[in-house]
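Trainee: For reference, the structure I am asking about is given below.
Numbering (this note's numbering), first residue to last: 691 to 1002.
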């Protein structure tokens, strides 16, 4: 027993070591994609809750709270699914009952708690989520709203999200699956699109196709149209109807990239950019006067670091 030696590298016990390998049998089976397409209508918000349900919640407020949710899961290195499932819970919950703008962060924290329990290897604790709200929300409030959330959702807690379609679509375009940067960019684009109010009622399959095509356009422009036609046919959507979504994602990426400091810039220039951003006083979710654009709320300093790796 004294001669036993563990030669297993620490990386094998890390979070990455818990991820299963891709099942090529499932990815290549068209029945899986067909089932996802059949289930996605039941996972979408039933209506535009900004105009029909909510009276105190505006689209830009959703942008603020979902951006905060994205920052939390990025900092905690959660699985990709956690954020998308949490936002799905948020949108569906807002379709069921009227809430005040001051309750949005509480609801967002509760959605993160529930999504992490379902899709993460290690769930986020209520104490940690309370900390991320700067203790404006107590752990007891999150626990109470968790019961309300699952009841309003009818215990339908396995939604189909855009990220579910990515791998099943990439294998249908030759060469895309072998390029890890395509998938990396696609997941980032989907995350950003999920924070945008204009994509709330877009089918998850449409968001996935638009994000993949936007990534392909950035890296292999000559393959963009063929990829759009192939993927649109795979999800039974019209390629022409998907083109505006592709353009919206590309414009969104340009806006986000514009607020980031250039990595090769002189330190003095970066400091000036940082001071200019600090001088800007973005409104909070409780502001009475909404901004002209939801993007005014997005703080470039808190953008997930993965986007800085994108070079078109």
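C-beta: ideal position from N, C-alpha, C; glycine also. Quick caveat: nothing in here was measured; it's all calculated off a predicted structure.
Using DSSP with H/G/I as helix, E/B as strand and the rest coil, what is residue 826?
Mentor: It is coil, neither helix nor strand.
Trainee: Tell me the rounded alpha-carbon separation between residue 710 and residue 800.
Mentor: So the alpha carbons of these two residues sit roughly 27 Å apart.
Trainee: CA-CA distance, residue 739 and residue 880?
Mentor: Cα to Cα, residue 739 sits roughly 21 Å from residue 880.
Trainee: On the three-state DSSP scale, how would you describe residue 840?
Mentor: Three-state result, residue 840: helix.
Trainee: Alpha carbons only, please: which of 795, 910, 819 and 726 is nearest the one belonging to residue 924?
Mentor: Nearest option by C-alpha distance: 726.
Trainee: Could you tell me how far apart the beta carbons of residue 902 and residue 921 are, in whole angstroms, since I believe they sit closer than 8 Å?
Mentor: With a Cβ gap of about 6 Å, residue 902 and residue 921 count as contacting.
Trainee: If we ignore side chains and look at the alpha-carbon of each, how far apart do residue 794 and residue 804 end up?
Mentor: Their Cα atoms are separated by approximately 15 Å.
Trainee: State the start and end residues of the unbroken alpha helix (DSSP H) segment that holds residue 898.
Mentor: That run of the alpha helix (DSSP H) goes 894–909.
Trainee: Using a 10 Å radius around the Cβ and a threshold of 16 neighbouring Cβ atoms, would you call residue 983 buried or exposed?
Mentor: Residue confidence is low: residue 983 scores 39 on pLDDT, short of 50, so the model does not pin down where it sits. No coordinate-derived value is stated.
Trainee: By how many angstroms is the C-alpha of residue 867 removed from the C-alpha of residue 791?
Mentor: Spanning the two alpha carbons is a distance of roughly 42 Å.
Trainee: Tell me the rounded alpha-carbon separation between residue 772 and residue 916.
Mentor: Answer to the nearest angstrom: the Cα atoms are 31 Å apart.
Trainee: If you follow the alpha helix (DSSP H) that residue 781 is in, where does it begin and where does it stop?
Mentor: Residues 770–784.
Trainee: Quick one: grab the DSSP three-state call for residue 869.
Mentor: Correct three-state label for residue 869: coil.
Trainee: Would you kindly check if the distance between the Cβ of residue 730 and the Cβ of residue 829 is under 8 Å?
Mentor: Contact: no.
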